[in-house]
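Residue numbers (the numbering used here), protein chains in the order written: chain C, 1 to 385; chain R, 386 to 770. All remarks here apply to the structure that follows.
Laid out in structure tokens, this is it:
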């Protein structure tokens with residue numbers, strides 16, 4: 001924890017575990033009679049309960065989006081963008097970030113106990129769709145006495161949730177901010193997810209998902225899954241700049257068979273190992289399936305303009321030039337559908353060499369674009385009688 | 386085997402195993418006292434021994450480039466391009482295609498017996514560089530009484546060998562054809578190879594490379610490795626056209642948790658499984674390392690123009706618009722270096738949606754470009770007194 005804390009930090013934060021004792025009917029047909037959400041909130045809810053801003057996390061995200069946990073040296077995953085005076089301004093918004101169900105950071109998920117069996121859900125946790133996260137977040141609203149979201153904001157899978165929010169509960173949000181996202185995954189996106197899943201499932205320590213009971217954990221498979229994902233989060237350009245062909249071990253002297261290791265190999269293996277110690281394999285399988293299954297317009301005759309015609313909020317769509325996981329073209333498809341549906345939309349393509357990960361990283365233009373949009377939203381909100 | 390065989394096929398072919406009883410000094414310092422190459426040859430060597438054309442295979446290639454093996458329904462891997470009247474015209478060229486050492490299709494490699502131990506080399510096979518393949522092919526020339534290559538031709542890793550040929554033995558080739566290749570791998574290229582290697586090595590059946598002695602085989606790891614490679618061989622565009630989001634199993638009806646499988650998942654798993662039954666894991670590790678280690682200009686002060694200044698042959702460089710493994714820009718770098726070195730070079734960027742695999746697939750423009758270039762080479766050769 002830096003000493004003193006930065007002035008634009010939300011400071012020391014603690015999460016709260018909120019029990020939602022109302023049934024949550026999932027898209028797969030199962031019903032969770034009750035579920036729990038681990039949540040962090042920053043800022044203050046106004047008297048009208050309408051200055052709340054929902055942060056939707058992506059595949060590996062969680063509730064700890066900003067500020068510092070006691071004793072931690074690193075802040076939450078979106079601290080560059082959330083805090084007093086930051087683009088997501090906690091002086092103006094009541095910022096709410098839950099870990100969503102199905103993940104592995106305290107909220108109900110594969111690591112939780114299935115009340116029907118008294119044992120962990122593990123691989124038997126019900127398959128989820130983005131709409132299930134939205135419906136869970138809808139119940140969270142009531143639990144926190146929020147009447148309306150000033151904005152629902154998310155990157156990647158978070159952007160998909162934000163779009164789904166605008167279709168499922170159009171009357172409950174003013175703004176929808178969709179960052180580095182897409183209306184559905186491409187075959188290539190699905191392919192990378194499937195390789196990651198096979199890496200996990202073919203690890204003998206996976207034990208058909210029952211690894212916790214077997215006292216094992218598919219660490220190798222999960223590390224491989226993350227390594228595959230990680231390459232798709234970075235741009236070719238950035239990897240070239242950061243690592244190029246630099247060597248960590250050995251050299252290419254003729255006459256030696258000594259091993260050679262490139263810096264990129266070392267980095268990537270480290271990223272994989274770090275992740276496999278911090279994430280749950282069943283959750284990874286479940287959430288990559290959510291990504292694959294997401295298709296904004298499936299229930300709207302595959303016509304995204306028809307889908308967005310139901311929305312009432314205003315949209316901001318942001319993409320990054322070097323993102324090849326969800327390239328700018330995918331954001332332009334969203335924008336085109338919004339325009340066709342007559343929606344109010346502001347689109348920014350941010351020049352960045354950081355690839356998909358750019359949505360998490362400092363970037364002045366991005367900060368200006370997001371901050372400017374949300375400042376206008378806050379001003380309009382504060383001007384309401 | 387089609388009945389009758391196509392008129393432009395080289396017909397029924399058999400390979401020959403050629404023993405090269407001369408020492409081959411490898412870049413790593415080890416010496417193979419003798420080695421064997423499994424080779425196919427098509428066409429006839431002329432009296433001067435100078436109409437030979439060397440085919441350099443890529444990562445997973447082998448000696449069976451054209452024609453049909455007795456009883457096979459599918460021809461060799463480059464049959465679209467090799468045959469009487471085809472771009473690599475067996476009426477004019479004596480086409481030679483060896484499986485290179487270190488691979489697993491009959492030539493000396495990890496599956497061969499190490500004479501020093503009497504047991505398979507397995508993981509102890511010496512690490513190789515592209516130049517070792519070139520030096521082995523140099524010895525093959527003598528064994529086949531070839532005095533000069535009319536052309537050395539290869540795609541991907543094969544293109545790297547072809548370039549290396551033009552630097553190591555500049556006086557022994559007239560033409561060098563470099564297809565869908567690069568002067569060195571990028572950090573992203575290396576990253577994908579490293580994930581593939583880790584997939585193999587972390588498969589418990591790999592047994593540190595000693596799987597043959599353990600009666601096992603890292604099938605899962607090798608399948609994963611191939612799946613990763615395969616995605617990088619196809620373009621996003623092509624995968625979208627061929628598979629899109631089509632489903633093989635299940636549907637997205639609300640209220641069901643029944644599994645859903647996309648066509649792309651099924652296809653990719655099938656490709657992985659097919660490959661893992663046909664390739665050797667130690668060879669895969671070894672050859673991906675060769676790819677990573679290749680750096681055309683490393684011994685030339687990292688100046689490719691300085692490297693190519695030593696060459697004497699003419700070059701054709703071909704790239705494919707949708708290839709993202711070795712994108713057209715990588716070929717343009719080769720061309721720029723050749724131009725800077727004052728070499729004669731012809732460059733073609735072929736419009737294709739097939740990604741890196743385009744170099745193996747039918748494409749009229751590509752056939753015309755390669756065929757036209759080699760026809761001119763053949764005419765010049767035939768006009769020699």
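From the three backbone atoms N, C-alpha and C, an ideal C-beta is built for every residue, glycine too.
Got a sec: is the Cβ-Cβ distance from residue i to anything in chain C below 9 Å?
i                     : result
residue 678 (chain R) : yes
residue 413 (chain R) : yes
residue 566 (chain R) : no
residue 742 (chain R) : no
residue 654 (chain R) : yes
residue 642 (chain R) : yes
residue 683 (chain R) : yes
residue 612 (chain R) : yes
residue 628 (chain R) : yes
For residue i, would you say it is in contact with chain R, using Cβ-to-Cβ distances shorter than 9 Å as the test?
i                     : result
residue 114 (chain C) : no
residue 214 (chain C) : no
residue 382 (chain C) : no
residue 36 (chain C)  : no
residue 161 (chain C) : no
residue 127 (chain C) : yes
residue 265 (chain C) : yes
residue 240 (chain C) : yes
residue 277 (chain C) : no
residue 83 (chain C)  : no
residue 272 (chain C) : yes
For residue i, go through chain R and note every residue whose CB falls closer than 7 Å to its CB, in chain order.
i                     : result
residue 192 (chain C) : 616
residue 220 (chain C) : 587
Answer yes or no: do residue i and residue j have a C-beta to C-beta separation smaller than 9 Å?
i                     : j                     : result
residue 495 (chain R) : residue 508 (chain R) : yes
residue 399 (chain R) : residue 425 (chain R) : yes
residue 57 (chain C)  : residue 232 (chain C) : no
residue 729 (chain R) : residue 700 (chain R) : yes
residue 42 (chain C)  : residue 66 (chain C)  : yes
residue 204 (chain C) : residue 281 (chain C) : no
residue 718 (chain R) : residue 567 (chain R) : yes
residue 390 (chain C) : residue 276 (chain C) : One cannot answer for residue 390 (chain C) here, as it falls past the ends of chain C, which runs 1 to 385.
residue 63 (chain C)  : residue 107 (chain C) : yes
residue 3 (chain C)   : residue 126 (chain C) : no
residue 541 (chain R) : residue 744 (chain R) : yes
residue 703 (chain R) : residue 481 (chain R) : no
residue 402 (chain R) : residue 423 (chain R) : yes
residue 221 (chain C) : residue 202 (chain C) : yes
residue 1 (chain C)   : residue 60 (chain C)  : no
residue 98 (chain C)  : residue 137 (chain C) : yes
Name the chain C residues whose beta carbon is nearer than 7 Å to that of residue i?
i                     : result
residue 621 (chain R) : 186 and 188
residue 639 (chain R) : 27
Could you name the residues of chain R that residue i contacts, counting a contact when the two beta carbons are closer than 8 Å?
i                     : result
residue 465 (chain C) : Because chain C spans 1 through 385 in this model, residue 465 (chain C) falls outside it and cannot be assessed.
residue 24 (chain C)  : Within 8 Å Cβ-Cβ: nothing; residue 24 (chain C) doesn't reach chain R, min ~14 Å.
residue 224 (chain C) : 580, 583, 584, 587 and 609
Could you list which residues in chain R have their beta carbon closer than 9 Å to that of residue i, in chain order?
i                     : result
residue 260 (chain C) : 512, 674, 677 and 678
Taking only beta-carbon positions, decide if residue i is within less than 9 Å of chain A.
i                     : result
residue 600 (chain R) : Absent here is chain A; the protein component of the structure consists of chains C and R.
(request) Mind the definition here: the region 145-163 of chain C touches the region 48-58 of chain C only if three or more C-beta pairs lie below 8 Å; say whether that holds. (result) yes
(request) Count the CB pairs spanning the region 310-320 of chain C and the region 155-170 of chain C that are closer than 8 Å, and state whether there are at least three. (result) yes
(message) Three or more C-beta pairs under 8 Å: does that hold for the region 152-159 of chain C against the region 607-618 of chain R?
(response) Segments in contact, no.
(request) Report yes or no: do three or more beta-carbon pairs, one from the region 269-276 of chain C and one from the region 584-604 of chain R, lie closer than 8 Å? (result) no
(request) Identify every run of the alpha helix (DSSP H) within the region 92-155 of chain C, keeping only runs that are complete inside it and at least 4 residues long; order them along the chain. (result) 130-143
(request) Indicate whether the contact test is met: 3 or more Cβ pairs, each with one atom in the region 668-675 of chain R and one in the region 510-526 of chain R, closer than 8 Å. (result) yes
(message) So, does the region 255-262 of chain C touch the region 239-247 of chain C, judging by three or more C-beta pairs under 8 Å?
(response) yes
(message) Extract the residue ranges of the beta strand (DSSP E) inside the region 649-711 of chain R, only unbroken runs of 3 or more that lie entirely within it.
(response) 699-705
(message) Suppose only complete runs of 3+ residues qualify. What are the beta strand (DSSP E) ranges in the region 555-616 of chain R, listed by chain order?
(response) 558-564
(request) Please confirm if the region 19-26 of chain C is in contact with the region 62-78 of chain C, defined as three or more CB-CB distances below 8 Å between the two stretches. (result) no
(request) Jot down the residue ranges of each uninterrupted beta strand (DSSP E) in the region 400-474 of chain R, minimum 3 residues, whole runs only, in chain order. (result) 401-405, 420-427 and 437-441
(message) So, does the region 365-383 of chain C touch the region 87-106 of chain C, judging by three or more C-beta pairs under 8 Å?
(response) yes
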